[in-house]
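For reference, the structure discussed in these notes is given below.
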Amino acid sequence: MTDPEHAGKPDSDLAVSIARVLAEHDAHQQRAAALRPANKAALFDALEAAGITTVTVTFDGYGDSGQIEDVTAQCGETIVDLPPGEVSLASATWNSDDVSTAQVEIAAALEQHCYDLLEQSHPGWENNDGASGEFVFDVPARTITLDHSERYTATETYSHVF
């Protein structure tokens, strides 16, 4: 038998909890988005200083797991190694206005920036049938282009009576 004094309370508490978590998530995403332009500029500055003109980052994921597959840097048409050195990246702290910064190797910074952009544009890209694609960093233009391909299983059912 249900206690009339608490009837409906668990659902109400759950709704309030879900609303709070969603609001915290949205606020975190907004703080993270505000930091991306400076992180992008720091990456492009480091690549430009090393004479890199293009970086291509490929990714693939499915079954709840995803990863960066390859990072290729070019100077003109010539494939080159990524430069040594570090980039200062800022990141939003969960449920706080605090911003943490870290010195990160350029290769790791490129990967982290790509993961951040995937989270922004295609959250859950690695789940189920997953997705694959590539980022192209055009250093002189200071643009990043994402080509993203989602995979899914489709079933088409037909029924005929003759």
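Each residue of the sequence shown is one higher than the last, beginning at 1 in full-length UniProt numbering. Heads up, the beta-carbon is just placed ideally off N, CA and C, and yes, glycines get one too.
Exposure of residue i, with buried meaning 16 or more beta-carbon neighbours within 10 Å
i: arginine 31; result: buried
i: valine 21; result: exposed
i: glycine 130; result: buried
i: glycine 61; result: buried
i: leucine 14; result: exposed
i: isoleucine 52; result: buried
i: asparagine 39; result: buried
i: alanine 34; result: exposed
i: alanine 19; result: exposed
i: alanine 109; result: buried
i: glycine 66; result: buried
i: tryptophan 125; result: buried
Cβ-based neighbour list, residue i, same chain, cut-off 8 angstroms, excluding 5 preceding and 5 following
i: alanine 107; result: Val71 and Leu82
i: aspartate 116; result: Ala32, Arg36 and Asn39
i: glutamate 111; result: Val57, Ile68 and Val71
Integer-rounded CB distance, given that residue j should sit under 8 angstroms from residue i
i: serine 88; j: glutamine 103; result: 6 angstroms
i: leucine 43; j: histidine 148; result: About 20 angstroms; that fails the 8 angstroms criterion.
i: valine 55; j: alanine 41; result: Not really, about 15 angstroms apart at Cβ, beyond 8 angstroms.
Close-in-space but distant-in-sequence residues of the same chain around residue i (CB under 7 angstroms, 5 per side omitted)
i: glutamate 105; result: Glu86
Residues of its chain near residue i, where Cβ-Cβ distance is below 6 angstroms and the 5 sequence neighbours each way are ignored
i: threonine 145; result: Val136
i: aspartate 58; result: The sequence shown places threonine at residue 58, rather than the aspartate named in the question. Closer than 6 angstroms at Cβ, skipping near neighbours: Glu69, Asp70 and Glu134.
i: threonine 157; result: none
What are the complete beta strand (DSSP E) segments, minimum 3 residues, inside the region 80-118? 86-92 and 99-105
Take every Cβ of the region 42-50, pair it with every Cβ of the region 127-143, and state whether three or more of those distances are shorter than 8 angstroms. yes
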